[in-house]
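Peer 1: For the protein sequence lines, the chains are A and B, in the order given. Residue numbers for the first sequence, in my numbering: 18 to 201. Residue numbers for the second sequence, in my numbering: 18 to 201.
Number of protein chains: 2
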Amino acid sequence: MDKKEQLEALEKARNNVVRSIAETMDLYGVTPSVGKLYGTMYFRNKSMSLDEMKDELGMSKPSMSTAVKSLQEIDMIKKTWLKGSRRDQFVSEKDFFKLFIQYFCKMWEREVKINLNAIEDTRTEIHTLLSQADLDEEVREEAEYSLTLLKESKKYYYWLSDLAANFRSGQIFDLVPIPEIEEE
Amino acid sequence: MDKKEQLEALEKARNNVVRSIAETMDLYGVTPSVGKLYGTMYFRNKSMSLDEMKDELGMSKPSMSTAVKSLQEIDMIKKTWLKGSRRDQFVSEKDFFKLFIQYFCKMWEREVKINLNAIEDTRTEIHTLLSQADLDEEVREEAEYSLTLLKESKKYYYWLSDLAANFRSGQIFDLVPIPEIEEE
DNA sequence: AAATTTGTTAAATTTTTATTTAACGTTTTG
DNA sequence: CAAAACGTTAAATAAAAATTTAACAAATTT
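(1) Under the assumption that residue 282 of chain B contacts residue 87 of chain B (Cβ atoms under 8 Å), give the Cβ distance between them as a whole number of angstroms.
(2) Which residues in chain A have a C-beta closer than 9 Å to the C-beta of residue 170 of chain B? List them in chain order.
(3) Which of the three DSSP states, helix, strand or coil, is assigned to residue 50 of chain A?
(4) Can you tell me which of A:135, A:180 and A:113 puts its alpha carbon nearest to the alpha carbon of residue 118 of chain B?
(5) Once the 5 residues before and after residue 99 of chain B are set aside, which same chain residues still bring their CB inside 7 Å of it?
(6) With DSSP run on the structure shown, which of helix, strand or coil describes residue 109 of chain B?
(7) Could you tell me the alpha carbon to alpha carbon distance between residue 186 of chain B and residue 30 of chain B, rounded to whole angstroms?
(8) Since residue 192 of chain A and residue 192 of chain B are thought to touch, with beta carbons under 8 Å apart, how far apart are those beta carbons, to the nearest angstrom?
(9) According to DSSP, is residue 94 of chain A helix, strand or coil?
(10) Ordered along the chain, which non-local residues of its own chain (more than five positions away) have a Cβ less than 8 Å from that of residue 170 of chain A?
(11) In chain B, what lies closer than 9 Å to residue 119 of chain A by C-beta?
(12) Tell me the DSSP bridge mates of residue 65 of chain A?
(13) For residue 167 of chain B, which residues in the same chain have their Cβ closer than 7 Å to its Cβ, ignoring the five residues on either side in sequence?
(14) Find the residues of chain A that neighbour residue 92 of chain B, judging by a C-beta separation of less than 7 Å, and give them in chain order.
(15) For residue 182 of chain B, name the three-state secondary structure that DSSP assigns.
(16) For residue 23 of chain B and residue 154 of chain A, what's the separation of their Cα atoms in angstroms?
(17) Compare the C-beta of residue 65 of chain A with all C-beta atoms of chain B and state if any pair is closer than 9 Å.
(18) What distance in whole Å lies between the Cβ atoms of residue 27 of chain B and residue 197 of chain A, which are believed to be in contact at a cut-off of 8 Å?
(19) Of the residues B:97, B:163, B:128 and B:103, which one's Cα is nearest the Cα of residue 142 of chain B?
(20) Looking at chain A, is there any beta carbon in it that lies within less than 9 Å of the beta carbon of residue 173 of chain B?
(21) For residue 145 of chain A, count the other beta carbons within 10 Å of its own beta carbon; 16 or more makes it buried, fewer makes it exposed. Which is it?
(22) So which of B:52, B:188, B:129 and B:189 has the shortest CA-CA distance to residue 176 of chain B?
(23) Run through chain B and tell me which residues come within less than 9 Å of residue 186 of chain A, C-beta to C-beta.
(24) Tell me whether residue 82 of chain B sits in a helix, a strand or coil according to DSSP, three-state version.
(25) In the structure shown, what three-state DSSP assignment does residue 156 of chain A receive?
(26) If you measure from the beta carbon of residue 162 of chain A to each beta carbon in chain B, is any gap under 9 Å?
(27) Residues of chain B with a CB under 7 Å from the CB of residue 180 of chain A: which are they?
(28) Of the choices A:92, A:125 and A:127, whose alpha-carbon is the least far from that of residue 115 of chain A?
(29) Leaving out the 5 sequence neighbours to the left and right, which residues in its chain are closer than 6 Å to residue 184 of chain B when beta-carbon positions are compared?
(30) Taking the CB atoms as reference points, tell me whether residue 110 of chain A and residue 178 of chain A lie closer together than 9 Å.
(31) Closer than 8 Å between beta carbons: that is the criterion. Which residues of the region 71 to 100 of chain A meet it against chain B?
(32) Return the chain-ordered ranges of every alpha helix (DSSP H) run that is complete within the region 125 to 178 of chain B and spans a minimum of 4 residues.
(33) Buried or exposed: residue 52 of chain B, going by 16 or more other Cβ atoms within 10 Å of its Cβ?
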C-alpha cells in the first residue's frame, strides 16, 4: 500500500465522523453542505483556502464563500493568514465546549430579548384594557388568564438568561464537570 | 366599546407575544407558521380543533394537520378529548421549562449517539491503518493527530450526555434556580 | 344504506432556499 | 500598465420545502 492509498484510507476512516458532524449540525442551524465543510476542516490542523474547499467538496467557489460566511457567523471557523499566500485562509475552531456555549448562549439570549420585549408590550396593552370601566366579565377573565401566563413565562425567560450566564461564566462545569476518559 | 371590540383588543395585545414566539421558535426547529400556531394555542386554556386552527390562521386543513404533527413531535401540544365532539382536540403545553428540557435533551442525546458511533468506527479504522508495517511517516502523524482530536471530542460528547441527564433529572435547578419575580 | 363529517394522503402548485454560472471590482504580479 | 488572481455580488438555475386543492378512507349520523 503506497502513501497515496494510505492517505485515502485515512480519509475514508475520517469520513464517518465528517458525515455524522454534517448530519447533526442542523442543531446549529446550518445545512448539511455547510456541516460537511466544517467536518472537513475539523480534521485539518492547517488552514484552508476557498479554492481548496471547492476542490475538496466539489462545489463552486461562491458556495464556499457563503458557507464560510455562515460558519464565521457562528464562530466555527475564523480567518487567518498564511505567509506567502494571497488567499484568505480559514481554520476551524475545534473546541466543542466553546462552540456549544457560544452558539446556545447567543440563541438563548436572543430568545430572552425578543420575548421579554413582546411580553412587556402585551402586558401594557392588557393592563390598559383591564382599566376600562365597561369591561365584559368574560373578557376580563380571559385577560387575567393571559397575564397569569405571561407572569409564568417571565420566570422562564429570566431563568434562561441566568442559564446562559452560567454557561458563559463556566459555572456550569461545577455542576457538570468535563469527564476524564480512559482509553482502552 | 362592546364585547367584540374588547375581545379584538385583547387579541391585538396578545399578538405581540404570538409573533415573538413564532419568530424565536426556529430555535426549536420549526417554521414560523408552526410557531404561530403554537403561539395562538398558547393563550388558550381550552382545546382547539383542526377546523378552528384553519379558521384562526387562515390556512388549509392539511396544513394544520401537518403543523399539529410537528408540534406533537416535539411535545408542544397534545391530543385531548372533548365530550360531545367528534373532532380531534389539541391543547398546548404551557410549561416552558418542560419544553426546553424535553427538546434540548432530545437533540443533545441524538448528537451524542450519532457522533459517538461514528467516532468509534473511525477510531477502529485508524487503528487498523496505524498497525500497518509500511506506514508513511507523514500519514502516521496525520492519523495520530486525528486520534487526538477524536479523544478530545469524546470528552465533549460524554459531557453533553451528562448535561442532558442533569437537565432531565432537574439537578440543573440547583445551580440555576427558577427566579421569583416581583410584579410592579 | 346513503349522505355527511373528519382526518389524512397524493398530486399539483407556490414559495423559499441553495447552488451555479457569469460578471464585476480590487489587488497583486510581471 | 496589462494580465492574472482573488473574493464577492448579481442573475439564472436547480433543488427543496411549504402550502393548497383534490381525492380518499374511515367513522358517524340520518
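Built from N, CA and C at the ideal position, the CB exists for glycine as well. Predicted, not measured: the structure shown is a model, and the values here were computed from it.
Peer 2: The short version:
(1) The requested residue 282 of chain B does not occur in the structure, where chain B is confined to residues 18 to 201.
(2) Those within 9 Å of residue 170 of chain B in chain A are 34, 59, 111 and 113.
(3) Helix.
(4) Taking only the C-alpha atoms, the option nearest residue 118 of chain B is A:180.
(5) Result list for residue 99 of chain B: 64 and 106, in chain order.
(6) Reduced to three states, the DSSP call for residue 109 of chain B is strand.
(7) In this structure, the straight-line span from the alpha carbon of residue 186 of chain B to that of residue 30 of chain B is close to 36 Å.
(8) Residue 192 of chain A to residue 192 of chain B, Cβ: 4 Å. Contact.
(9) In the structure shown, residue 94 of chain A sits in a strand (DSSP, three-state: E or B).
(10) If we look at residue 170 of chain A and ignore the five residues flanking it on each side, its Cβ neighbours are 132 and 136.
(11) In chain order: nothing, as chain B lies at least about 14 Å away.
(12) Paired residue(s): A:107.
(13) Contacts found: 136, 139 and 140.
(14) What residue 92 of chain B touches in chain A: nothing, since even the nearest Cβ is about 16 Å away.
(15) Residue state, collapsed to three classes: helix.
(16) The straight-line gap from Cα to Cα measures roughly 11 Å.
(17) Residue 65 of chain A has a beta carbon lying at 9 Å or more from every beta carbon in chain B.
(18) 56 Å between Cβ atoms; not a contact.
(19) The candidate whose alpha carbon is nearest that of residue 142 of chain B is B:163.
(20) Yes, because at least one Cβ of chain A sits closer than 9 Å to the Cβ of residue 173 of chain B.
(21) Burial check for residue 145 of chain A: the Cβ neighbour count within 10 Å stays below 16, so the residue is exposed.
(22) Measuring from the Cα of residue 176 of chain B, the nearest candidate turns out to be B:129.
(23) Those do not exist, as residue 186 of chain A stays about 11 Å from chain B at its closest Cβ, beyond 9 Å.
(24) Note: residue 82 of chain B maps to helix in three-state DSSP.
(25) It is helical.
(26) Yes, residue 162 of chain A lies at the interface with chain B (some Cβ there is under 9 Å from its Cβ).
(27) Here the neighbours are 193.
(28) If we check each option's Cα against that of residue 115 of chain A, A:92 comes out closest.
(29) Here the set comprises 118 and 122.
(30) Their beta carbons are not under 9 Å apart, which means residue 110 of chain A does not touch residue 178 of chain A by this criterion.
(31) Of all residues in the region 71 to 100 of chain A, none has a Cβ within less than 8 Å of some Cβ in chain B.
(32) Here no run is fully enclosed.
(33) That one is buried.
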